[in-house]
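Student:
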Amino acid sequence: MTAAQLPTLALRGADIPLLGLGTWRAEGDGAVLATTTALELGYRHIDTATGYGNEAQVGRGLAVSGVPRDEVFLTTKLPPDRAGRERETLEESLTDLGTDHVDLWLVHWPPNKQATPATWEQFIALRDEGLVRAIGVSNYSVAQIDELIAATGEAPAINQVPWSPTDYDAQLVADHAARRVELEGYSPLRRTDLTHPTLVEVAAAHEVTAAQVVLRWHLDHHVVVIPKSVHRDRIAANLDILGFALTAAEVARIDEIGPRAG
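Residues in the sequence shown are numbered from 1 upward in steps of one, following the working numbering.
(1) Opposite T75 in the DSSP bridges: which residues?
(2) How many Å lie between N54 and A26 at the Cα?
(3) Taking only runs of the beta strand (DSSP E) that begin and end inside the segment 92 to 166, which ones reach a length of at least 3 residues, in chain order?
(4) Spatial neighbours of M1 within its chain, please: C-beta separation below 7 Å, excluding the five flanking residues on both sides.
(5) By the three-class DSSP mapping on this structure, what secondary structure does M1 have?
(6) Got a sec: is the Cβ-Cβ distance from Y168 to anything in chain C below 8 Å?
(7) Go ahead and label N159 buried or exposed: buried means 16 or more other beta carbons lie within 10 angstroms of its beta carbon, across all protein chains shown.
(8) Between the beta-carbon of D96 and the beta-carbon of A56, is there less than 8 Å?
(9) Could you tell me which whole beta strand (DSSP E) segments of length 3 or greater appear in the segment 8 to 56?
(10) Please look up how many angstroms separate the CB atoms of L126 and R179, rounded, as I've assumed it's under 8 Å.
(11) In chain order, what residues of the same chain lie with their CB nearer than 7 Å to the CB of V58, ignoring the 5 residues before and after it?
(12) So, for R82: in the same chain, excluding its five sequence neighbours on each side, which residues have a beta-carbon less than 6 Å away from its beta-carbon?
(13) What are the complete alpha helix (DSSP H) segments, minimum 4 residues, inside the segment 185 to 237?
(14) Measure the beta-carbon distance from A134 to A157 and round it to whole angstroms, keeping in mind my assumption that it falls under 8 Å.
(15) Please tell me whether E250 and V202 are closer than 8 Å, where the distance is taken between their beta carbons.
(16) Going by CA-CA distance only, name the one from T99, A118, H206 that's closest to D70.
(17) Alpha carbon to alpha carbon, how far is A236 from L39?
(18) Under the three-state reduction of DSSP, which class applies to D240: helix, strand or coil?
(19) Here's the rule: buried if 16 or more other CB atoms are within 10 angstroms of the residue's CB, otherwise exposed. What is H231?
(20) In chain order, what residues of the same chain have a beta carbon less than 6 Å from the beta carbon of S187, not counting five sequence neighbours either side?
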């Protein structure tokens, strides 16, 4: 698969590739190598966070990959304990990443478990200055998103949440769609029982792995997905999901794995 074949989702401010590389728990040279490997294989979306402690390594991987910066969608996140220091934190992230902007900046967790509209106001301001192309949140409830909208008149472009067939919640999907907030799923494979009979059966029908079925299911729902790996073979396999398509019936069967499917 080439970068041109990667499907994207239109956010307010930027188009995000539906599949990216997650870098949570990728450390040191492993984070550098995972980033360069992914970009070499065709990924054009890398997800990191200040809290991961690897922004400098991701930035180094991006630099040595030779892939032009404007071809890579780069996400990082503000730790909740940095609320009130948004500009300082973003500037540190940009320095570590070796770039003058990020494509998506997220509030990593609600600060003090609160929506914190003051932080969201700073996100809007820094986006308007051009330091960020798109802004969003992570691990926010729908009620907290509503609080941000009520305070500022602007919804997050995206909410990054734990997501997998086990987590599938039709109401949550509908609630986000009604607010024009896209969904992005993390830990898609870690949260999935890859031996579930439905996944095994669908995988066999397409001669792919259950993990590839899970990632394809995200794409078919237009949910951004960022599987994490530092192993070249897994990074490659996670990208190799455009050679088959799930039927509507298969998607519906996988949806039913979740306890709140419909």
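Glycine included, each C-beta is placed from N, C-alpha and C at the ideal position.
These numbers were taken from a predicted model, which means no experiment stands behind them.
Tutor: So, from the data block:
(1) D47, L104
(2) 7 Å
(3) 102 to 107, 132 to 138, 158 to 162
(4) Residue confidence for M1 is low, a pLDDT of 47 falling below 50, so the modelled location carries little weight; the figure read from the coordinates is stated next. If we look at M1 and ignore the five residues flanking it on each side, its Cβ neighbours are G42, L239, D240, L242.
(5) Because M1 carries a pLDDT of 47, less than 50, the predicted location of this residue cannot be relied on, and the following value inherits that uncertainty. In this structure, M1 counts as coil in the three-state DSSP scheme.
(6) Looking at the structure shown, chain C is missing, and only one protein chain is on hand.
(7) buried
(8) yes
(9) 8 to 11, 14 to 17, 45 to 47
(10) Wrong, their Cβ atoms sit about 22 Å apart, outside the cutoff.
(11) T23, A31, T35, I46, T48, L97
(12) T89
(13) 197 to 206, 210 to 220
(14) 5 Å
(15) yes
(16) T99
(17) 10 Å
(18) coil
(19) exposed
(20) P162
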